[in-house]
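Have a look at the structure below, then the notes.
Numbering (my numbering), first residue to last: 409 to 609.
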């Protein structure tokens, strides 16, 4: 829901940084993998049971890298593999953080399973829509220049980053936050199914 608004704020500085990195020979795939490594490091810190605030910096820097990889790709030239690698790493990151909170505290198991199920369904609706949009030749730049067709939704990347930040700030609130966010993820997926029915049905 907030990604379109956020893109208007971050695109210009990201594109500037992306051009500078590209000029120094940094590849987009390397930035993607560095972002994933930082995200998994954040998950590891959470799962280890230490202060979750320690995970906040690598978590947020990993999301900065997730924005930078696209900017570098636009400067150096986009590739289909780069888009594939980016979305695959994103999904791994999004699954690793809830898993880390479950590994940290087994009492979070039910809420974590519900949240991961909602991510799974939401991701399937997102990717399924992107495949059909590509088949129909549909394009959009509402969420920036992407390798895949990005549909708007109630919850998008910005909301998920805010949610993960809240979890790091208030780890003992994982269960209620996860139940609530998971329910909104299911609502997002349902909205995307309704959109697909209108567009493709």
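Glycine included, each C-beta is placed from N, C-alpha and C at the ideal position. Please read these numbers as outputs of a predicted model, since none were measured by experiment.
Check your understanding: Just reading off the alpha helix (DSSP H) that residue 475 is part of, what are its end residues?
Key -> Counting from 1 along the chain shown, the entry for residue 475 is found at position 67. It spans 461-484 - the alpha helix (DSSP H) in which residue 475 sits, taken as one unbroken run.
**Study point:** Rounded C-alpha distance that separates residue 487 from residue 565
**Key:** As a first step, residue 487 is located in the chain shown; it is residue number 79 there, counting from the start. As a first step, residue 565 is located in the chain shown; it is residue number 157 there, counting from the start. Cα to Cα, the separation comes out at about 22 angstroms.
Check your understanding: Is there contact here, the stretch 514-532 with the stretch 578-588, by at least three beta-carbon pairs under 8 angstroms?
Key -> Judged by Cβ distances under 8 angstroms, the stretch 514-532 makes contact with the stretch 578-588, as three or more pairs qualify.
**Study point:** Inter-residue spacing [alpha-carbon to alpha-carbon] between residue 475 and residue 422
**Key:** By 1-based counting over the chain shown, the position of residue 475 is 67. By 1-based counting over the chain shown, the position of residue 422 is 14. So the two alpha carbons sit approximately 7 angstroms from each other.
Check your understanding: Would the beta-carbon of residue 512 fall within 8 angstroms of that of residue 457?
Key -> The sequence position of residue 512 within the chain shown is 104, counting from 1. The sequence position of residue 457 within the chain shown is 49, counting from 1. Yes.
Practice item. Could you check what DSSP says for residue 605 in three-state terms: helix, strand or coil? Key: Position 197 of the chain shown holds residue 605. Of the three classes helix, strand and coil, the one that applies to residue 605 here is helix, per DSSP.
Exercise for review: State yes or no: is the C-beta of residue 489 within less than 8 angstroms of the C-beta of residue 575?
Suggested key: Looking up residue 489 in the chain shown gives position 81. Looking up residue 575 in the chain shown gives position 167. No.
Review point. If you count every other CB in all the chains shown that lies within 10 Å of the CB of residue 544, and 16 or more means buried, which is it?
Key: Mapped onto the chain shown, residue 544 falls at position 136. By the 10 Å Cβ count, residue 544 comes out exposed.
Review point. Which of the three DSSP states, helix, strand or coil, is assigned to residue 567?
Key: As a working note, residue 567 is residue 159 in the chain shown. The DSSP-derived three-state label of residue 567 is helix.
Review point. How would you write the range of the alpha helix (DSSP H) that residue 441 sits in, first residue to last?
Key: Here residue 441 is taken as the residue at index 33 of the chain shown, counted from 1. Per DSSP, the unbroken alpha helix (DSSP H) holding residue 441 starts and ends at 436-455.
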